[in-house]
Ligand code: HEC
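The structure is reproduced here in structure tokens:
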């Protein structure tokens, strides 16, 4: 009885070390290209995925890995100089663009398909009567209001520049 338990334990240890010594075939991060992620591509009618390089260099982005010693940029409070001078049409494009704001992945936006449900529904936004400055800060770095926010700090992390955030504020404030 005892011996068989030890055998089970030993075989578990050995099979674990065998697995960890080689990379899984569908690994999302290439061990040879540190900080360059790969993105999955469906191979049509095969039931398989291929991993293609994700082109963007994510070196500046801190990850959740214990090995990543890069400090996370601190939350930043910003002032908005009025007039806003934002372009609401460009703002809508930014809100839908995967490479830019991609706000739709978390927020429902009026008339747009496939919204996410992580953030609040952003419909009739103008009715909140928020100041431009508050909305600008929310997009620039939402951690100023909520330290545990899951919304990306677009300004602090340099994902969107100041004019792009102005365009987004103009777009949201135009939703009545
Ligand atoms: C990863 C999910 C996520 C993404 C992407 C995201 N948000 Fe948010 N957003 C949230 C969450 C969650 C909240 C609720 C407040 C908080 O937790 O900070 C929020 C709150 C807001 C608010 C405040 C709403 C209110 O009525 O108080 C605004 C405005 C906003 N987001 C705009 C945007 C814009 C514009 C973008 C794209 C540039 C965006 N969000 C991208 C998750 C997200």
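Residue numbers (my numbering): 173 to 348. Backbone N, C-alpha and C define an ideal beta-carbon position, used for all residues, glycine too. These numbers were taken from a predicted model, which means no experiment stands behind them.
For residue 222, the enclosing beta strand (DSSP E) covers residues 220-225. If you check the C-beta of residue 325 against the ligand HEC, you find no heavy atom less than 7 angstroms away. In the displayed model, residue 210 falls within a strand according to three-state DSSP.
The ligand HEC has no heavy atom closer than 7 angstroms to the beta-carbon of residue 261.
DSSP, reduced to helix, strand and coil, places residue 290 outside both helices and strands of the structure shown, so it counts as coil.
Using a Cβ-Cβ distance cut-off of 8 angstroms, the segment 324-333 and the segment 306-313 are in contact, since at least three pairs of beta carbons, one from each stretch, lie closer than that value. Pairwise C-beta distances place the segment 313-322 in contact with the segment 238-252, as three or more of them are shorter than 8 angstroms.
Here residue 278 is not near residue 263, since their CB atoms are 8 angstroms or more apart.
Within its own chain, no residue has a Cβ closer than 6 angstroms to the Cβ of residue 286 once the five positions on either side in sequence are excluded. With respect to the 8 angstroms criterion, residue 266 and residue 339 are classified as neighbours on the basis of their beta carbons.
Between residue 260 and residue 346, the beta carbon gap of about 4 angstroms places them in contact (Cβ cut-off 8 angstroms).
For residue 215, the three-state secondary structure derived from DSSP is strand. Sixteen is the threshold: when 16 or more other Cβ atoms of the shown chains lie within 10 Å of the Cβ of residue 273, as they do, the residue is buried.
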